[in-house]
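Mapping the sequence shown onto our numbering, position 62 (from 1) lands on 47, and the numbers just tick up by one.
One structure is given here, and the rest of the page talks about it.
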Amino acid sequence: MVGNEEFLPGQGAGIQELDNPEGEQHLRFYLPSGNEFALLATDIREVIYKSPEGITAIPNVSPLLLGTINVRGRVIWVADLAQFLGDPIPVNTDQPEIKIIAVEDQDTILGLAVERIVGMQWLDEKKLKMSTDVADGMAPFLRGEWIFDDKGEQVLRLLDQEAIIRSARWAA
């Protein structure tokens, strides 16, 4: 309709149609070590900011799990994504708010605690490359990576939320 010059003659000549962005929306975020990652927006249930006191520690569970939170009557486990991926620095829980990305697969929801959330960005998964130079413990949870500079220094890795949720590491 916008590009149809017969609709409201004389008024649509200067209107341009918007370009469709390439790819899909992804949420970009950082772990404490400075490594940047992304998750496909459609895999994310919501982003939650919780005080450390709002996370209930549970004894005798995997050290990867920080505890549980209550979101609208539903109990959700919160994991330290950095520790889960084998990052050398765990998420800092001594701060006013912990950033949690709630991911969902079928009926399972898991909260992933991260250091900093950058925001949403359109990224084309056709330009995704195989992940290189990653730790063996991280590789099974990556779909690939985007490289944004010629030197390969600015790397954004795409996580596989389904592999993270279904991992046997939670039983350890």
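Cβ atoms here follow ideal geometry from the backbone N, Cα and C, with glycine treated the same way.
Ignore the nearest five residues each way along the sequence and tell me which others in residue i's own chain have a CB closer than 6 Å to its CB.
i      : result
LEU141 : GLU21, ALA23 and TRP131
LEU108 : GLY8 and HIS11
VAL32  : ILE86
For residue i, is the classification buried or exposed, using 16 other Cβ atoms within 10 angstroms of its Cβ as the cut-off for buried?
i      : result
PHE133 : exposed
GLN91  : exposed
PRO75  : buried
ASP72  : buried
ALA67  : buried
Could you tell me whether the Cβ atoms of residue i and residue j are closer together than 7 Å?
i      : j     : result
GLU110 : LEU16 : no
ASP145 : VAL88 : no
ILE61  : GLY96 : yes
Smallest Cα separation from residue i: which of the options?
i      : options                         : result
GLN139 : THR117, GLN146 and ILE74        : THR117
ILE102 : GLY8, PRO6 and GLY19            : GLY19
ARG57  : ARG30, GLN146, LEU25 and ALA156 : ARG30
LYS114 : GLN106, LEU143, PHE69 and ILE94 : LEU143
ASN77  : LYS112, ASP28, LYS35 and LEU25  : LYS35
Can you list, in chain order, the residues of its chain with a C-beta nearer than 8 Å to that of residue i? Leave out the 5 residues immediately preceding and following it.
i     : result
ASP79 : PRO37
Taking DSSP's pairing of strands, which residues face residue i in a bridge?
i      : result
PHE133 : BP columns for PHE133 are empty, so no partner.
GLN106 : HIS11
Go through its chain and collect everything with a Cβ distance to residue i's Cβ below 7 Å, but skip five positions before and after it.
i     : result
GLY52 : ILE40, THR41, ALA42, ILE43 and VAL63
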